[in-house]
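*Asks:* Dropping the structure in here first, questions after.
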């Protein structure tokens, strides 16, 4: 089970264990540099039951509150706003539901100056029953921003730099995290853990993008170029494809999203921006 534990150390699995099944972060920037951050997170009924069971297993004698109900507590989002940057404020939180029965929370933050904002590259799961949510082992990496006002404002997106890879050991023993083919049993367990998991980070401008060096420039709801996708990890889709899942599981340990950006860039189910300094001009 050592190889499985290695893969499970990745933020992908950490996110799944946190109950973060389908998470999307969309930042909208206005021409004056102000804007909003909307974080939407869904949990399947199975994950909700799992979190309830975890709470019961820790000795709770009273029924645990629904994760959705607990996630509407504004105090946790006020604290998160402070972590995101100076002058970032919590605006609202509401319950949302998908047709497949998955429930979740849509949280909106507002900011006046995008240059004072930082977006984490690790999914932020809504807080569930007390003690039922594990914490990431390492502080998450952060996307930072620059901004120039004018007739055609320019947003600069600074992606976190990938961490240096661990050099091979002189004795020939593979370094921790080196690719080792997992067993069929381990692959089956990982597929079960990652089923339905998706994580996205997107930046939307209040206007039309006129120029950008971003890899993924996409239309907004009105069909105009408005959206830059920084990260879209559709693990639920990836594990349904045998070739893609074999390639992924054979990679071994992936410590963080930054390393994943470079290591998984050729997999269509995992779109990851590799440009470290992105410029987006719009009007």
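In the numbering used here, the protein residues as written are 2 to 284. Cβ atoms here follow ideal geometry from the backbone N, Cα and C, with glycine treated the same way.
Less than 6 Å between C-beta atoms, sequence neighbours within five positions excluded: which residues of the same chain meet that for residue 282?
*Replies:* Here residue 282 corresponds to residue number 281 of the chain shown, with the count starting at 1. Cβ neighbours of residue 282 beyond the five flanking positions: 153, 155, 211 and 212.
*Asks:* I need the DSSP call for residue 246, collapsed to helix, strand or coil.
*Replies:* Numbered from 1 along the chain shown, position 245 holds the residue referred to as residue 246. Looking at residue 246 - three-state DSSP - the assignment turns out to be helix.
*Asks:* Helix or strand or just coil, what does DSSP make of residue 35?
*Replies:* Locating residue 35 in the chain shown gives position 34, where the first residue counts as 1. Looking at residue 35 - three-state DSSP - the assignment turns out to be coil, as it is neither helix nor strand.
*Asks:* For residue 75, which three-state DSSP category applies?
*Replies:* Walking along the chain shown from the start, residue 75 turns up at place 74. Three-state DSSP puts residue 75 in a helix.
*Asks:* For residue 65, count the other beta carbons within 10 Å of its own beta carbon; 16 or more makes it buried, fewer makes it exposed. Which is it?
*Replies:* If you number the chain shown from 1, residue 65 lands on position 64. Residue confidence is low: residue 65 scores 48 on pLDDT, short of 50, so the model does not pin down where it sits. No coordinate-derived value is stated.
*Asks:* Along the chain, where does the beta strand (DSSP E) containing residue 219 start, and where does it finish?
*Replies:* Position 218 of the chain shown holds residue 219. First-last of the beta strand (DSSP E) with residue 219: 218-220.
*Asks:* Helix or strand or just coil, what does DSSP make of residue 188?
*Replies:* As a first step, residue 188 must be located in the chain shown, where it is residue number 187. DSSP places residue 188 in helix when its eight states are reduced to three.
*Asks:* So who's on the other strand from residue 121, going by DSSP bridges?
*Replies:* Taking the chain shown and counting its residues from 1, one reaches residue 121 at position 120. Answer by DSSP bridge pairing, in chain order: 143.
*Asks:* Residue 203: buried (16+ other C-beta within 10 angstroms of its C-beta) or exposed?
*Replies:* Here residue 203 refers to the residue found at position 202 when the chain shown is read from its first residue. Classification of residue 203: buried, given that the 10 Å Cβ count is 16 or more.
*Asks:* Taking residue 274 and residue 217 to be in contact with their CB atoms under 8 Å, please state how far apart those CB atoms are, rounded to whole angstroms.
*Replies:* Sequence index remark: in the chain shown, residue 274 carries index 273 (1-based). Sequence index remark: in the chain shown, residue 217 carries index 216 (1-based). Indeed, because the Cβ distance is near 7 Å, the residues count as touching under 8 Å.
*Asks:* Terminal residues of the continuous beta strand (DSSP E) containing residue 234?
*Replies:* As a first step, residue 234 is located in the chain shown; it is residue number 233 there, counting from the start. Looking at the DSSP string, the run of the beta strand (DSSP E) that includes residue 234 is 226-235.
*Asks:* Can you list, in chain order, the residues of its chain whose CB lies under 6 Å from that of residue 28, leaving out five sequence neighbours each side?
*Replies:* Counted from its first residue, the chain shown places residue 28 at position 27. Result list for residue 28: 38 and 204, in chain order.
*Asks:* What is the residue span of the beta strand (DSSP E) that residue 240 lies within?
*Replies:* The residue given as residue 240 occupies position 239 in the chain shown. Careful: residue 240 lies outside any beta strand (DSSP E) and carries neither H nor E.
*Asks:* Taking all protein chains shown into account, decide if residue 278 is buried (16 or more other Cβ within 10 angstroms of its Cβ) or exposed.
*Replies:* Here the question's residue 278 lines up with position 277 in the chain shown. Looking at its Cβ environment, which holds fewer than 16 other Cβ atoms inside 10 Å, residue 278 is exposed.
*Asks:* Under 7 Å, do residue 79 and residue 91 count as touching if we go by C-beta distance?
*Replies:* Reading the chain shown from its first residue, position 78 is the one you call residue 79. Reading the chain shown from its first residue, position 90 is the one you call residue 91. Cβ atoms of residue 79 and residue 91: closer than 7 Å.
*Asks:* For residue 334, I'd like the list of residues in its chain whose CB is within less than 7 Å of its CB, leaving aside the five on either flank, ordered along the chain.
*Replies:* Since the first residue of the chain shown is 2 and the last is 284, residue 334 is not available in this structure.
*Asks:* For my contact list, residue 198 and residue 160 are in at a C-beta cut-off of 8 Å; report their separation, rounded to the angstrom.
*Replies:* Start at 1 with the first residue of the chain shown, and residue 198 comes out as number 197. Start at 1 with the first residue of the chain shown, and residue 160 comes out as number 159. So it is not a contact: roughly 22 Å between Cβ atoms.
*Asks:* Please confirm if residue 237 has its CB atom under 7 Å from at least one CB of chain C.
*Replies:* Although the question refers to chain C, the structure presented lacks it and comprises just one protein chain.
*Asks:* Is the beta carbon of residue 34 within less than 6 Å of some heavy atom of the ligand SAM?
*Replies:* Annotation note on the ligand SAM: not contained in the displayed structure, which lists no ligands.
*Asks:* I need the boundaries of the beta strand (DSSP E) containing residue 105, first residue and last residue.
*Replies:* Looking up residue 105 in the chain shown gives position 104. It spans 104-112 - the beta strand (DSSP E) in which residue 105 sits, taken as one unbroken run.
*Asks:* For the beta strand (DSSP E) containing residue 205, list its first residue and its last residue.
*Replies:* Stepping through the chain shown from its first residue, residue 205 is reached at position 204. Looking at the DSSP string, the run of the beta strand (DSSP E) that includes residue 205 is 199-206.
*Asks:* Indicate whether residue 105 and residue 44 have their beta-carbon atoms separated by less than 7 Å.
*Replies:* Against the chain shown, residue 105 aligns to sequence position 104. Against the chain shown, residue 44 aligns to sequence position 43. Yes.
*Asks:* Measuring CA to CA, which of 75, 89 and 83 is closest to residue 107?
*Replies:* Counting from 1 along the chain shown, the entry for residue 107 is found at position 106. Cα-wise, what sits closest to residue 107 is 75.
*Asks:* Cβ atoms of residue 115 and residue 1: under 7 Å apart, would you say?
*Replies:* With the chain covering only 2 through 284, there is no way to say anything about residue 1.
*Asks:* Can you tell me which residues form a DSSP beta bridge with residue 149?
*Replies:* Position 148 of the chain shown, counting from 1, holds the residue named residue 149. Answer is 155, bridged to residue 149.
*Asks:* Going by C-alpha to C-alpha distance, which of 144, 41 and 101 sits closest to residue 84?
*Replies:* The count along the chain shown starts at 1 and reaches residue 84 at position 83. Among 144, 41 and 101, the Cα nearest to that of residue 84 belongs to 144.
*Asks:* Sort out for me which residues DSSP pairs residue 278 with in a bridge.
*Replies:* Taking the chain shown and counting its residues from 1, one reaches residue 278 at position 277. Answer is 159.
*Asks:* Comparing C-alpha positions only, which one of 201, 149 and 118 sits nearest to residue 272?
*Replies:* Taking the first residue of the chain shown as 1, we reach residue 272 at position 271. Measuring from the Cα of residue 272, the nearest candidate turns out to be 201.
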